[in-house]
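Novice: To convert, note that position 74 of the sequence shown is 74 in our numbering; the numbers rise steadily by one, no gaps.
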Amino acid sequence: MANLTRPAAKDLAGHPLVVIPARMASTRLPGKPLADICGEPMIVQVWRRAMEAELGRVVVAAAEAEVADAVRAAGGEAVLTDPDLPSGSDRVWQAVCELDPEGHHKVILNVQGDLPTLDPALIRTAYDALIRPGADISTLAAEIVIEEERANPNVVKAVVSFGETRLARALYFTRATAPWGAGPLYHHIGLYGYRREALARFVALPPSPLEMREKLEQLRALEAGMVIEVALVDTVPLGVDTPADLEKARAALSRRSV
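1) Given a threshold of 16 other Cβ atoms within 10 Å of its Cβ, counted over all protein chains shown, does T27 qualify as buried or as exposed?
2) Rounded to the nearest angstrom, how far is the Cβ of I285 from that of R23, given a contact under 8 Å?
3) Taking three-plus beta-carbon pairs below 8 Å as touching, is the stretch 226 to 237 in contact with the stretch 138 to 146?
4) On the DSSP letters alone, give me the boundaries of the alpha helix (DSSP H) that A168 sits inside.
5) I108 bridges to which residues according to DSSP?
6) Could you tell me the distance, in whole angstroms, from the CA atom of R256 to the CA atom of P206?
7) Just to confirm the assignment, what range does the alpha helix (DSSP H) spanning R91 have?
8) If I follow the unbroken beta strand (DSSP E) through I228, where does it start and stop?
9) Classify K32 as helix, strand or coil using the three-state DSSP reduction.
10) Determine, using beta carbons only, whether H188 and F173 come nearer to each other than 7 Å.
11) Whose C-beta lies closer than 8 Å to the C-beta of A224 among residues of the same chain, with five residues either side of it excluded?
12) Pick from A135, V60, A25, D90: whose alpha carbon is nearest that of L222?
Structural data, given as C-alpha cells:
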C-alpha cells in the first residue's frame, strides 16, 4: 500500500488538537468520568492535565451530556459524540470532524479520559515523536520493572528496539511475553498522536485479523503498513479502571495539591 503524502514537520508544528474521549459505560467502575477526585470529576482532572501540557486546544469528546456539562462547568470545551461509537479513536475522529471540518489542526493527540494523574510532559513527548519525518502515529512505552507484569496479559507489550535512542519504530504490540530472551520488555502506554490524515485512514479501515485476535486496536495500523513511532518514557501513568485505582488517584492528587 502506498504511503500517505506527509506534511513536513514544520507544517505540523503549532497545529495540535488534544482530544479526550470519555463515556460513562465502564464494567468495573460505572460512571467513572464523573467520579470525584479531590473535589472535581475525574474527566475534569484529566482535562486539567492536558491543559497543563500547553500544546493548544483541548477538547473532551463526551458520549453523554452529563460528562460534557461537567467539563464546561469547569471552563473547558466539550463536544457530544455518538454513544454507540465502537472505540475511543472513532469518538476522537467524530469530534475532530465536528470541531475542525476545514482541517486546520494537522496533529491530533488522543489522551485517555481515565488518566487523572498523567504527567503533562508525556503528552508533549507524544507530540514531539509524531512530528519526526515518516511517522503516521506516535505512542509511548516504559520499561517493565515489576517482574509479574512481564507475563501479565493485561499489560500490553510494545515490541520495539530502542538501542541507544529513546525513539524507535513499533514492530508489534502483544499481550504475550515478548520478545523472547534476555533483555528489557516495554509496557505500552495508550496515549496516541496522529497525523490528521492518518487518523482518518485508520478509523476508515475495518478491524484487522491480528487486532481481533490480540484485542489491540493499534495492530490495525501496523497491518495496514502505517508507521508508529514509540517514545521511551520513565513511568507508566495510573489508569483508573477499578475502585482501588480511584483511591490511588485520589491519594496521588491529594499529595500534589499540598
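Backbone N, C-alpha and C define an ideal beta-carbon position, used for all residues, glycine too.
Specialist: On the basis of the coordinates in this document:
1) exposed
2) With the chain running from 1 to 258 in the structure shown, residue 285 is simply not present.
3) yes
4) A168 -> not in any alpha helix (DSSP H); beta strand (DSSP E) instead, spanning 167 to 169.
5) L17, Y194
6) 42 Å
7) 88 to 99
8) 228 to 233
9) helix
10) yes
11) M1, R201, F202, L205, S208
12) A135
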